[in-house]
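I have placed the structure first, in the form of structure tokens, so that the comments after it can refer back to it.
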Amino acid sequence: MDVIKLQASDLAIASLLVLLSAGISFALRLNLQRQVLWAAVRTVVQLLLVGHILRIVFAHAAPWLTALVVAVMMALAAREVAARPRARLTGGGNGWVGAMAVAGTTVITVLFILNTALRPEPWYDPRYTIALIGIVLGSVLNAASLALDGVLSGARREKLAIEARLALGGTVHEAFSSLLRESVRRGIVPSINQMSAAGIITLPGIMTGQIIAGMDPIEAAKYQILLMFLLCGASGMAAMAAAYGAMRRLTDERGRLRLDRLQPA
Numbered sequence: 009m010d011v012i013k014l015q016a017s018d019l020a021i022a023s024l025l026v027l028l029s030a031g032i033s034f035a036l037r038l039n040l041q042r043q044v045l046w047a048a049v050r051t052v053v054q055l056l057l058v059g060h061i062l063r064i065v066f067a068h069a070a071p072w073l074t075a076l077v078v079a080v081m082m083a084l085a086a087r088e089v090a091a092r093p094r095a096r097l098t099g100g101g102n103g104w105v106g107a108m109a110v111a112g113t114t115v116i117t118v119l120f121i122l123n124t125a126l127r128p129e130p131w132y133d134p135r136y137t138i139a140l141i142g143i144v145l146g147s148v149l150n151a152a153s154l155a156l157d158g159v160l161s162g163a164r165r166e167k168l169a170i171e172a173r174l175a176l177g178g179t180v181h182e183a184f185s186s187l188l189r190e191s192v193r194r195g196i197v198p199s200i201n202q203m204s205a206a207g208i209i210t211l212p213g214i215m216t217g218q219i220i221a222g223m224d225p226i227e228a229a230k231y232q233i234l235l236m237f238l239l240c241g242a243s244g245m246a247a248m249a250a251a252y253g254a255m256r257r258l259t260d261e262r263g264r265l266r267l268d269r270l271q272p273a
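Take the sequence shown: its letters are residues 9 to 273, numbered as in our numbering.
Set out below in structure tokens:
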């Protein structure tokens, strides 16, 4: 089956839907038309730029080039994790927690899949490595930022309860237990919802793209199941890493709550 190639005129026609959305915003005085149009422009520029970069990377298939692209992707994801929570740790603490959660979770998850389920030759084949990391980073970013925000904002809100548990001889983990559970739960729930809706309410993007590209629907479904399981595990690890990392930053070696390490609200 031949893939239908899109021309610039096809994208221009599709852009009418963006103009429709901006028009709705203008008519209803939502004041979102500028954001809609600017987001559309960014989408075009960013995706075309990434497409050209990946064409070069795929053509060379060099390990160092693949590693460079992966490092940039993870650095940008870590920055997003650090920037999304309203509460901020002093000394760039959000950045350290975000980097730890993103890098650790992504490397473990992708290496596991590349060496078990997929096993491409070579194992660092950029068509698999970069594609998988790009998919995983979306879930990791979302889960880690939600969990990090939950712990940082919750620590200030539950200050008295946490200090009371510590004063009664509880460990740091015991004092933060309820907050950790709720924060990790927030990070995992989106992946659960995504799995629950897949195939019944929605056809996931990867499966849809493979079907359009001519892959057998059953084989496309198998790939989508693999990716769903991948994202679920990555979300759980990322949420836990971010929550525990934030807890460690908010306590010291003597087991005291250190809200002074949070920037003023």
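Just so you know, even glycine gets a beta-carbon here, dropped at the ideal spot from N, CA and C.
A152 to A47, Cα distance in whole Å? A152 and A47 have their alpha carbons spaced roughly 24 Å apart.
Determine contact between the stretch 143 to 160 and the stretch 242 to 255, defined as no fewer than three beta-carbon pairs at a distance below 8 Å. The stretch 143 to 160 vs the stretch 242 to 255: in contact.
By the three-class DSSP mapping on this structure, what secondary structure does T179 have? Reduced to three states, the DSSP call for T179 is coil.
Given this structure, state the Cα-to-Cα distance separating E8 from I233, to the nearest angstrom. The question about residue 8 has no answer, for the chain in this structure spans 9 to 273.
Residue(s) in a DSSP beta bridge with T259: Here T259 is bridged, per DSSP, to L265.
Any chance the stretch 52 to 66 sits against the stretch 79 to 90, with 3 or more Cβ pairs inside 8 Å? Contact between the stretch 52 to 66 and the stretch 79 to 90 is not established, with fewer than three Cβ pairs separated by less than 8 Å.
Out of S243, G263, A206, point me to the one whose CA is closest to E171's CA. Of the candidates S243, G263, A206, G263 places its Cα closest to the Cα of E171.
Looking only at DSSP bridge pairs, what is T210 linked to? Bridge pairing for T210: A206 [DSSP].
If you run the structure through DSSP and keep just helix, strand and coil, what is L38? In the structure shown, L38 falls within a coil segment according to DSSP collapsed to helix, strand and coil.
Based on DSSP bridge pairs, tell me the residues matched to L97. Paired residues: L270.
Have a look at V49 and N39 and give me their C-alpha separation to the nearest angstrom. Each residue's Cα considered, the two are about 17 Å apart.
When you compare the stretch 131 to 147 with the stretch 236 to 244, are there three or more beta-carbon pairs, one atom per stretch, that lie closer than 8 Å? Yes, since at least three Cβ pairs between the stretch 131 to 147 and the stretch 236 to 244 fall closer than 8 Å, the two stretches touch.
Beta-carbon separation of T106 and A86 under 7 Å? The identity of residue 106 in the sequence shown is Gly, whereas the question assumes Thr. Result yes, Cβ atoms of G106 and A86 sit closer than 7 Å.
With a cut-off of 8 Å on the beta carbons, I'd call K167 and L267 a contact; round off their distance for me. In this structure, K167 and L267 form a Cβ contact; the two beta carbons are roughly 6 Å apart against a cut-off of 8 Å.
Limits of the unbroken alpha helix (DSSP H) element including L156: For L156, the enclosing alpha helix (DSSP H) stretches over residues 134 to 165.
Can you give me the C-alpha to C-alpha distance between L25 and I32, rounded to a whole angstrom? Taking C-alpha positions only, L25 is separated from I32 by approximately 11 Å.
If you measure between the beta carbons of Q41 and F34, is that distance less than 7 Å? Here Q41 is near F34, since their CB atoms are less than 7 Å apart.
For A111, tell me which candidate among M255, P93, V78 has the shortest Cα-Cα distance. The residue with the shortest Cα to Cα distance from A111 is V78.
Given a cut-off of 7 Å, decide if V148 and T113 are closer than it, judged by their beta-carbon atoms. In this structure, T113 lies near V148, with their beta-carbon atoms less than 7 Å apart.
Please classify I204: is it buried, with 16 or more other beta-carbons within 10 angstroms of its beta-carbon, or exposed? Correcting the residue identity first, residue 204 is Ser in this sequence and not Ile. S204 should be labelled exposed.
For G253, the three-state DSSP class (helix, strand or coil): Note: G253 maps to helix in three-state DSSP.
Any 3 or more C-beta pairs closer than 8 Å across the stretch 87 to 95 and the stretch 216 to 231: No, the stretch 87 to 95 does not touch the stretch 216 to 231.
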